[in-house]
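Going by our numbering, 132 is the number at position 125 of the sequence shown; the sequence numbering is gapless.
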Amino acid sequence: MELSTLSRQVLEQETLQETAELFGRVCRDIHDQLDQTGSGKNAALMDAIKEIIEMNYKEPNLSLQGIAAMLHMTPAYVGRMFKQSEEVSVSEYLNDIRLQHAQTYLETKNISIKQIMELVGYVNESTFFKLFKKAFGVTPKEYRLKRSLE
Numbered sequence: 008m009e010l011s012t013l014s015r016q017v018l019e020q021e022t023l024q025e026t027a028e029l030f031g032r033v034c035r036d037i038h039d040q041l042d043q044t045g046s047g048k049n050a051a052l053m054d055a056i057k058e059i060i061e062m063n064y065k066e067p068n069l070s071l072q073g074i075a076a077m078l079h080m081t082p083a084y085v086g087r088m089f090k091q092s093e094e095v096s097v098s099e100y101l102n103d104i105r106l107q108h109a110q111t112y113l114e115t116k117n118i119s120i121k122q123i124m125e126l127v128g129y130v131n132e133s134t135f136f137k138l139f140k141k142a143f144g145v146t147p148k149e150y151r152l153k154r155s156l157e
């Protein structure tokens, strides 16, 4: 709202109560606009983080620190904003993306589980197997066997 419009509206009010109500509406409008601007920035940040993860999940060293450095922000800020918005940490989200890709490779590629593990950014077999079993309830080998029997 322009200041000249607001001035005119204030002068048109007949009582102090009407003027107070006008200022209340203006303050709510300003607050709502600021809220939407903040949400837009937050959504853009979330999209950027997700895009970085999707483009770089194969990198074994990808981490919150690396993502924050790419965005020229602090890891604490990026981590806090992501957790607030997505309700999972950046590392949990990264693991979810890696495991989804591992699942797809297990279903579509005839390559070793060790190769799949490396393709999706894991270097430690026990970590990969533990996370995979936690996510899907079976080991990668059992998952592949079950899928081939279906």
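The beta-carbon is built from N, C-alpha and C at its ideal position, and this holds for glycine as well.
*Indicate whether at least one CB of chain C lies closer than 8 Å to the CB of Thr-12.*
This model lacks chain C altogether, as it is built from one protein chain only.
*Between Glu-114 and Met-62, what straight-line distance do the alpha-carbon atoms span, to the nearest angstrom?*
Rounded to the nearest whole angstrom, the CA to CA distance from Glu-114 to Met-62 is 21 Å.
*asked:* Please report the straight-line C-alpha distance between Asp-36 and Asn-68, rounded to a whole angstrom.
replied: Distance between the alpha carbons of Asp-36 and Asn-68 is about 45 Å.
_CB contact flag (Ile-118, Pro-147, <8 Å)_ = No, these two residues do not count as a Cβ contact at 8 Å.
*Give the straight-line distance between the Cα atoms of Cys-34 and Leu-13, rounded to the nearest whole angstrom.*
Those two C-alpha atoms are separated by around 12 Å.
*In chain order, what residues of the same chain lie with their CB nearer than 6 Å to the CB of Tyr-100, ignoring the 5 residues before and after it?*
Counting only Cβ-Cβ distances below 6 Å, and skipping sequence neighbours, we find nothing.
_Spatially closest choice to Arg-105 from Glu-157, Val-127, Lys-153, Ala-76, by CA coordinates_ = Ranking Glu-157, Val-127, Lys-153, Ala-76 by Cα distance to Arg-105 puts Val-127 first.
_Quick test of your reading: Gln-20 and Leu-29, contact by CB under 8 Å. State the CB separation rounded to the nearest angstrom._
In this structure Gln-20 touches Leu-29 by the C-beta definition: roughly 6 Å separates them, less than 8 Å.
*Buried or exposed by the 16-neighbour rule on C-beta atoms within 10 Å, applied to Arg-7*: This structure gives no information on residue 7, because the portion of the chain shown stretches from 8 to 157.
*In whole angstroms, what separates the C-alpha of Glu-94 from that of Gln-72?*
If you take the alpha carbons of Glu-94 and Gln-72, they lie about 19 Å apart.
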